[in-house]
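Be aware that the sequence shown starts at 257, since it is given in the numbering used here, and climbs by one per residue.
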Amino acid sequence: MIRQLLEMGEDSPLTRTDLIALLNEDLAGEYQAIISYVVYSQTLKGAAYMAIAAELEKHAAEELAHALTIAAQIDYLGGSPETMPNLVKTSAKADEMLRFDLENENETIVRYRQRVVQCEALGEYAVAELIREILVQEQDHQVALATALGEPVPDLTHRSLPQQGRAIGTTVIN
Ligand SMILES: [Fe+2]
Ligand SMILES: [Fe+2]
Numbered sequence: 257m258i259r260q261l262l263e264m265g266e267d268s269p270l271t272r273t274d275l276i277a278l279l280n281e282d283l284a285g286e287y288q289a290i291i292s293y294v295v296y297s298q299t300l301k302g303a304a305y306m307a308i309a310a311e312l313e314k315h316a317a318e319e320l321a322h323a324l325t326i327a328a329q330i331d332y333l334g335g336s337p338e339t340m341p342n343l344v345k346t347s348a349k350a351d352e353m354l355r356f357d358l359e360n361e362n363e364t365i366v367r368y369r370q371r372v373v374q375c376e377a378l379g380e381y382a383v384a385e386l387i388r389e390i391l392v393q394e395q396d397h398q399v400a401l402a403t404a405l406g407e408p409v410p411d412l413t414h415r416s417l418p419q420q421g422r423a424i425g426t427t428v429i430n
């Protein structure tokens with residue numbers, strides 16, 4: 257991610273305005289996470305999934321705390337917090353719900369790792385510190401979901417972000 261920043265070149269360093277826009281994308285992701293965890297924690301069916309359903313309920317509350325923190329940083333930087341969540345995918349299948357959550361957490365972790373570097377490049381060390389604290393919880397979420405799926409925790413070292421534009425609303429995938 258440091259290389260990505262360097263590749264932006266000295267002619268186009270990240271600005272405060274860019275950081276506000278990126279944090280607003282993060283906020284839209286946090287809203288999506290709140291909705292996903294609220295819905296999934298209450299609709300996961302099957303005895304095998306009861307423990308993870310309780311865990312997802314805890315995640316919902318943590319995602320709300322993240323949204324509040326990110327919104328506060330956007331306000332501090334002089335921006336206006338986003339109001340629309342990213343697209344929420346739903347499924348009747350428990351393992352698919354967990355898969356959607358895990359993919360979202362993976363993407364969120366990659367985004368926040370980049371954000372820490374970007375905040376520090378702008379001298380916004382306190383914002384970077386707060387995002388580090390969120391990152392610790394996102395990695396806990398990732399571990400919980402991977403464990404529930406019976407998989408090793410994904411290695412995100414070389415993971416890049418999807419390039420498509422932002423989707424909003426809800427889609428049911430069966
Ligand atoms: Fe979050
Ligand atoms: Fe999370």
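Glycine included, every Cβ here is placed at the ideal spot set by N, Cα and C.
Legend entry - Closer than 7 Å: residues whose CB approaches a heavy atom of ligand 1: Glu-286, Ala-289, Glu-318, Glu-319, His-322, Thr-364, Ile-390, Gln-393 and Glu-394
Legend entry - Between the CA atoms of Ser-268 and Glu-394 - distance to the nearest angstrom: 30 Å
Legend entry - Contact test: Glu-311 Cβ vs ligand 2 heavy atom, cutoff 6 Å: no
Inset, instruction - Give me the Cα-Cα distance between Ala-327 and Leu-343, rounded to the nearest whole angstrom. - result: 19 Å
Inset, instruction - State yes or no: is the C-beta of Thr-427 within less than 7 Å of the C-beta of Lys-345? - result: yes
Inset, instruction - Report all residues from its chain with a CB closer than 6 Å to the CB of Val-399; omit the five preceding and five following residues, and keep chain order. - result: Val-409
Inset, instruction - Could you tell me whether any non-hydrogen atom of ligand 2 is closer than 6 Å to the CB of Glu-359? - result: no
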